[in-house]
Ligand code: AMP
Ligand code: ZN
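Numbering (the working numbering), first residue to last: 1264 to 1474.
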């Protein structure tokens, strides 16, 4: 088994390549290569089998580079906002979080609060930052109410996962100013029958067991 570590710079992007290779007399050599790019914060794992050991090493490297170049490196739009690569209308920033106006607001003042470190789901965010997001949300909710914008109430909304309606895969908390007669609609679509208390207890027990 051998291990190669290579650090290179490609168009001002730091690329770390770690290649782990296994081989014995009976098996073709197999290698696992892990690429990590700083700019895109992307991890790519490539598994290859080398059939012709001597020639294939250079071929394999070539193949890995092709896979790497053609893989989907779509950088996260909210990470780009944090780094300033794309414009945003910032309302607040500190060392842990960034807040800006939603480009497609439900009502004027609709803003988003995001962790600066890329995290797709709430469970991936450092707990200290999760708490801080809510502290900032409280501060900004007070600002919204005092801003003169139409803000009789505020909907705090966070879609955690695609099934929950998350479109941008960088966790974000919406603060949506609300007022009587606005067009915002939310429906919980609850079942028509109320569950029995024992069913609620069973459900609660499942959650408690998982804590
Ligand atoms: P969600 O459905 O909770 O993932 O919402 C994503 C939100 O991000 C939507 O309300 C979009 O309008 C908003 N959004 C997407 N791209 C941008 C952007 N570049 N600047 C500001 N808001 C954005
Ligand atoms: Zn991101």
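We put the CB at the ideal spot given by N, CA and C, even for glycine. Treat the numbers as computed from the prediction; the structure is a model and nothing was measured.
- Residue nearest to residue 1433 within the set 1385, 1441, 1448, 1292 is 1385 (criterion: CA-CA distance).
- For residue 1297, the CB stays at least 7 angstroms from every heavy atom of ligand 1.
- Residue 1379 carries a coil assignment under DSSP once its states are collapsed to helix, strand and coil.
- Sequence-distant partners of residue 1381 (beyond 5 residues in either direction) whose C-beta falls short of 7 angstroms from its own C-beta, in its chain, are 1304, 1339, 1342, 1433.
- A direct Cα-to-Cα measurement between residue 1431 and residue 1405 gives close to 26 angstroms.
- Taking the Cβ atoms as the reference, residue 1420 lies roughly 7 angstroms from residue 1439, within the contact range of under 8 angstroms.
- Between the beta-carbon of residue 1437 and that of residue 1395 there is about 17 angstroms, and that puts the pair past the 8 angstroms contact cut.
- In the structure shown, residue 1416 falls within a strand segment according to DSSP collapsed to helix, strand and coil.
- At a cut-off of 7 angstroms, the beta-carbon of residue 1366 counts as near ligand 1: some heavy atom of the ligand is closer than that.
- Rounded to the nearest angstrom, the gap between the Cα atoms of residue 1460 and residue 1467 is 10 angstroms.
- Around the beta-carbon of residue 1403, 16 or more other beta-carbon atoms lie within 10 Å, marking it buried.
- Straight across, the Cα-Cα distance linking residue 1356 with residue 1365 is about 15 angstroms.
- Within the segment 1381-1465, the runs of beta strand (DSSP E) at least 3 residues long that lie entirely inside it are, in chain order, 1416-1420, 1436-1441.
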